[in-house]
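Quick note: the sequence shown uses UniProt numbering, first residue 1, plus one each step.
Report on the structure given below.
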Amino acid sequence: MKNLLQGGFQGAIMPVNPKYDSVCGVFAYPTIESLPQTPDMVVLCTHASRNVEIFHQLAEKGVKSAIVLSSDMHIQDESLLSLQQQCANIARESGMRIFGPNSLGLMLPWLNLNATFAPSPAQKGNIAFISQSAAVCTTILDWANDKDIGFSAFISLGNAVDIDFADLLDCLSTDSHTDAILLYVDTIKDARRFMSAARAASRNRRILVLKGGKTEQGRIAAHAHTGGDNTLDIIYDSAIRRTGMLRVNNTHELFAAVETLTHAVPLRGERLAIITNGGGPAIMAVDTLSERGGKLATLDDQLIAKLDQYLPKSWSRSNPIDLVGDANHDRYVHALNAIMDSDCADAILVMHSPSAVAQSEKTAHAIVDTFKNHPRHRRFNLLTNWTGEQTARPARQIFAHAGIPTYRTPESSVVAFMHLVEYRRNQKQLMETPTTAEPVHANQLSEAKLWVTQALGDHQEVNLDTHQLGDFLNYFDFTVLPTWIASEVSEAVHIAEQIGYPVAVKLRSPDIAHKSDIQGVMLNLRNRHEVASAAQAILDRAHLFYPAANIHGLLVQGMAKLAGGEELRVKVKNDALFGPVILVGQGGSEWDESVDASSALPPLNTTLARYLIVRAIKNGHIRPQKLPVPMDIDGLSEFLVRISQMVVDIPEVDELDIHPLLINGREFTILDADLRLKHYQGDAQKRLAIRPYPVEYEQLVTTTSGEQVLLRPILPEDEPKHADFIHHVSKEDLYRRFFTEVGEFNHEALANLTQIDYDREMAFVAVADIDGQRAIIGVSRALINPDNTDAEFAILIRTDQKGKGLGKLLMQKIIDYCLQKGTLQMSGMTMPSNAGMLGLAKKMGFKVDIQFEDGIADMVLPLNSQ
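Below, the structure written as structure tokens:
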């Protein structure tokens with residue numbers, strides 16, 4: 001109550017308390033029923049044991065939102081349901097939304113609303129902060145107030161029994177007061193919704209994520225805190241990258257990133273110039289930049305000549321620009337102006353170590369004035385590092401008040417710059433046009449599905465090894481080293497004689513995960529005596545070290561060409577939260593997937609697969625050797641895309657472990673593999689964190705001119721075709737569609753039109769043969785709001801393809817889609833002069849409202865009842 005009143009909220013505040021006549025001087029009501037009006041929001045500051053009854057009363061009153069502060073609602077009562085689940089059930093039936101429980105509350109500074117028990121309020125600003133931890137909330141708030149950083153929203157989710165990250169991302173991504181969003185995440189509960197909301201929001205707002213539970217012990221603690229999952233941190237990491245968000249590693253980095261993003265303009269590039277009066281701190285900054293994969297700007301001859309005019313002869317004549325220890329504020333000003341006059345850098349880090357010559361505060365004021373008065377200052381990101389405490393603190397305050405990011409250490413300033421770089425890279429990856437991978441042939445896919453059905457038979461689960469997998473993997477065009485099974489030593493010798501030397505002999509046992517633990521793999525066996533000796537030794541060691549293990553004999557393989565090859569491990573595993581995940585690493589007997597692999601979520605295209613490989617190389621999970629024929633990254637990308645296609649199309653694949661995959665240039669040979677199949681029932685796509693291309697919506701139709709046209713969902717790879725399509729639409733038709741003059745569509749605009757999220761929007765393209773080329777000749781779109789109550793539609797036909805009934809076909813396609821999805825209505829807007837569109841809408845049952853004075857015509861079609 002104290003926070004609500006001191007915050008200056010302009011609405012009615014009505015405390016409910018049966019014991020007191022007033023709370024904080026405000027008249028109190030004895031019951032919820034006695035309230036004179038239905039509140040928009042209720043804050044429950046009550047003991048958990050009372051909340052179920054209170055929720056019944058709130059539902060009867062018609063309350064639509066509640067914040068629950070109680071921290072112990074996970075307790076079960078005699079109904080065997082937790083208190084929070086009982087409250088959630090009541091809320092769901094009455095249409096009420098819940099923040100919490102275990103929430104600190106909610107602050108909306110622009111509405112002067114502080115409905116929290118936080119010790120201090122949030123200032124007004126343009127950053128939204130959402131946290132599952134109340135303690136992290138109060139820490140961030142205290143720091144932000146000290147730094148004079150404000151918020152558009154400050155939200156404590158708590159246990160998130162109802163309202164979760166996805167709901168808030170949908171809301172805040174269109175909030176006019178919000179420029180950036182910060183998330184503190186212990187765990188997420190619905191990967192599909194989170195990924196969908198995050199991918200949409202990150203196109204409109206900068207989003208930073210601090211994820212707790214990186215280690216196994218941390219995940220145990222997160223589970224105790226908010227009921228967290230046991231998903232590997234590398235999987236969360238790949239999910240965050242896939243959505244275009246930026247991950248920071250700790251609270252210190254989050255503080256630095258907030259400060260950077262609060263004041264930063266989007267980076268034009270990644271080149272950093274450093275100005276310093278101390279060599280040591282600059283070296284530390286360069287080391288950090290190099291370790292994080294950053295780029296040091298290169299000074300051109302013209303810039304060096306200009307700096308020579310103002311700096312002593314002993315200056316470094318390279319980047320970092322060392323002004324020398326006796327540098328005064330004038331040298332800083334000259335150096336900063338010279339860099340901003342040139343095009344050698346995209347960002348500038350100004351460093352200052354305590355000096356009697358360059359007075360700290362005077363130099364800070366000079367830097368601020370020089371930067372802000374330079375005509376090109378919007379082209380650069382300026383970061384500052386004033387080291388020290390007593391003499392440096394006032395200077396850092398000067399930068400903070402001027403809106404220029406400032407940091408205490410060289411390392412933290414570079415880490416902050418790299419946050420901008422990594423964010424830029426993630427956004428670029430989000431918008432990059434993929435190339436097309438050759439799809440698996442429909443006949444091969446059908447045969448693979450039949451093979452899986454036969455392999456499972458009546459079993460709920462089966463485990464298969466290399467010699468049993470050859471046919472299945474061949475359906476996806478994988479090369480598998482031929483493998484034979486031998487039940488005992490003499491049979492192994494016989495097989496070796498048949499296939500020819502040299503051969504490899506391996507132990508076959510479902511109970512011994514790592515054959516190398518007992519030297520269960522013997523290579524380059526060159527005659528029958530070596531085979532017999534090796535086979536017997538393998539069996540003897542297995543019985544000795546694992547006496548209880550099931551031994552299923554031996555595997556015999558012809559030796560692959562190992563010389564000049566690279567060996568990797570590729571694994572598909574099923575995560576309880578994110579579903580299927582693809583892992584890639586160097587492999588080996590000591591392989592720990594939590595630290596030795598990079599991961600990606602299917603579906604993958606070749607661009608995403610390439611990013612996975614490059615990230616694995618950067619992280620040291622793949623260590624390419626210097627070979628005569630080096631590993632072909634494009635070929636490996638295509639291999640991973642086929643793995644992804646297998647995962648998407650065959651839901652029974654529960655786990656696939658390829659160990660190793662032998663790579664010789666563009667040749668990829670699976671030497672060893674294990675597959676676990678499980679029966680799967682239900683919608684196979686729902687197990688995936690990202691909805692794949694919905695092939696089920698492909699449809700061949702015939703136009704009124706008798707031409708066959710394929711209607712299908714749009715693909716990211718359609719960007720060039722879509723650009724050509726728009727080129728063949730007249731200016732008048734484009735104006736009617738976009739309500740403005742439309743010039744050339746750049747890559748970003750085309751990416752937004754082609755790289756859609758099939759979970760929340762749909763675009764159907766009509767594809768036909770034009771002059772011997774497959775071309776897009778029409779598009780219909782539906783952008784569905786998060787609660788699925790309305791779909792905003794639009795249709796555009798290539799101008800030279802009108803009069804063939806394409807508009808009606810595309811309209812019916814989008815209507816059928818929205819009907820199937822359960823959307824309540826479709827709505828659209830056009831100009832009163834667009835007679836063709838209005839006539840089609842009326843024929844399809846739309847209600848048309850023409851408003852001539854506003855120059856618009858609204859079209860609405862009711863579809864499903866709520």
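Glycine included, C-beta positions come from ideal geometry on N, C-alpha and C.
Mapping the DSSP letters down to three states, classify Q812 as helix, strand or coil. Residue state, collapsed to three classes: helix.
Host beta strand (DSSP E) of R712 (start-end): Element bounds for R712: 708-713.
Are the stretch 138-147 and the stretch 75-87 touching, with three or more C-beta to C-beta distances below 8 Å? As far as the Cβ criterion goes, the stretch 138-147 does not touch the stretch 75-87, which means the pair count is below three.
Which same chain residues, not among the five before or five after T702, have their C-beta less than 8 Å away from its C-beta? Excluding sequence neighbours, T702 sits near Q708, V709.
Is the beta carbon of I274 less than 7 Å from the beta carbon of L349? Yes; because the gap between Cβ atoms is below 7 Å, this pair is in contact.
Have a look at the DSSP bridge pairing and note the partners of F99. DSSP, once it has assigned bridges, lists I67 as partnering F99.
Tell me, which residues are paired with T276 by DSSP? According to the DSSP secondary-structure assignment, T276 is paired through a beta bridge with D322.
Given a cut-off of 7 Å on the beta-carbon distance, is the pair N114 and P121 in contact? Yes, these two residues count as a Cβ contact at 7 Å.
If contact is defined by three or more beta carbon pairs under 8 Å, each pair taking one atom from either stretch, is the stretch 321-339 in contact with the stretch 245-263? Judged by pairs of C-beta atoms under 8 Å, the stretch 245-263 does not touch the stretch 321-339, as fewer than three such pairs exist.
Determine whether the beta carbon atoms of L863 and Q825 lie at a separation below 7 Å. Taking 7 Å as the cut-off, the beta carbon of L863 is found closer than this to the beta carbon of Q825.
Since P109 and F151 should fall inside the 8 Å C-beta cutoff, what is the C-beta to C-beta distance between them, to a whole number of angstroms? So it is a contact: roughly 6 Å between Cβ atoms.
Could you give the first and the last residue of the continuous alpha helix (DSSP H) run that contains G105? For G105, there is no enclosing alpha helix (DSSP H); the enclosing beta strand (DSSP E) covers residues 105-108.
What would DSSP say about T231, mapped onto helix, strand or coil? DSSP places T231 in the coil class of the three-state scheme, outside both helix and strand.
Would you grab the beta carbon distance between N443 and G564 for me? Rounded to a whole angstrom, and I think it's under 8 Å. Their Cβ separation, rounded to whole angstroms, is 35 Å, which puts N443 and G564 out of contact at 8 Å.
Which whole-angstrom value describes the C-beta separation of I207 and L183, a residue pair presumed to lie in contact below a C-beta threshold of 8 Å? Taking a contact as a CB-CB distance under 8 Å, the pair I207 and L183 counts as one, their CB atoms being some 7 Å apart.
Taking its Cβ as the centre, do 16 or more other Cβ atoms sit within 10 Å of F371, making it buried, or is it exposed? Residue environment analysis places F371 among the buried positions, since at least 16 neighbouring C-beta atoms fall within 10 angstroms of its C-beta.
If the criterion is Cβ atoms closer than 7 Å, does the pair E748 and M431 meet it? A contact, by the Cβ cut-off of 7 Å.
Check this for me: beta carbons of V647 and P580, under 7 Å apart or not? Here V647 is near P580, since their CB atoms are less than 7 Å apart.
In DSSP terms, what N574 is bridged to: Partner residues in the beta bridge of N574, as assigned by DSSP, are P580.
The stretch 673-687 touching the stretch 721-735, judged by at least three CB pairs closer than 8 Å: Cβ pair count under 8 Å is below three, so no.
I'd like to check one pair, L289 with V248: are the Cβ atoms closer than 7 Å? With contacts defined as CB atoms closer than 7 Å, V248 and L289 fail to qualify as a contacting pair.
Evaluate the contact criterion for the stretch 363-370 versus the stretch 388-402: three or more CB pairs, one atom per stretch, below 8 Å. Contact between the stretch 363-370 and the stretch 388-402 is established, with three or more Cβ pairs separated by less than 8 Å.
Sequence-distant residues of the same chain with beta carbon closer than 8 Å to V415, five excluded per side: Non-local beta-carbon contacts of V415 in its own chain, meaning distances under 8 Å to residues more than five positions away in sequence, involve E253, A256, T288, R292 in chain order.
Assess contact between the stretch 614-633 and the stretch 450-467, defined as three or more Cβ pairs (one per stretch) separated by less than 8 Å. Is contact present? No: fewer than three Cβ pairs fall under 8 Å.
Excluding the 5 residues flanking L809 on each side, which residues of the same chain have their C-beta closer than 6 Å to its C-beta? Closer than 6 Å at the Cβ level, and outside the excluded window around L809, lie V701.
Quick one: give me the first and last residue of the alpha helix (DSSP H) that A496 is part of. If you look at A496, you'll find it in the alpha helix (DSSP H) that goes 489-499.
Is the beta carbon of S589 sitting closer than 7 Å to the one on S516? Yes. Within cutoff.
Touch check for the stretch 353-360 and the stretch 371-383: three-plus C-beta pairs under 8 Å? In short, these stretches do not touch, since the Cβ pair count stays below three.
Using CA atoms only, rank isn't needed, just tell me which of L172, K842, L232 is closest to D186. Checking every option, the nearest Cα to that of D186 belongs to L232.
Let's test the definition: count the other Cβ atoms within 10 Å of the Cβ of V695 and tell me whether it reaches 16, buried, or not, exposed. Exposed, since its Cβ has fewer than 16 Cβ neighbours within 10 Å.
Contact check, R541 vs H659 under 8 Å by CB: the rounded distance? So it is not a contact: roughly 20 Å between Cβ atoms.
For a test of your reading of the model: does the CB of A576 fall under 6 Å from any non-hydrogen atom of the ligand GTP? Yes or no. What this structure holds is no ligand at all, so the ligand GTP is not there to describe.
Would you check if the distance between the CB atom of D300 and the CB atom of C344 is smaller than 7 Å? In contact: D300 and C344 (Cβ atoms closer than 7 Å).
What does the Cβ neighbour count give for F739, buried or exposed, with the cut at 16 atoms within 10 Å? Counting the other CB atoms within 10 Å of its CB gives F739 a total below 16, which places it among the exposed residues.
Only counting the same chain, and skipping five residues up and downstream in sequence, which positions put a Cβ closer than 8 Å to that of G500? Sequence-distant partners of G500 (beyond 5 residues in either direction) whose C-beta falls short of 8 Å from its own C-beta, in its chain, are G558.
Distance, G105 Cα to residue 873 Cα: Because the chain in this structure spans residues 1 to 866, residue 873 falls outside the shown range and cannot be described.
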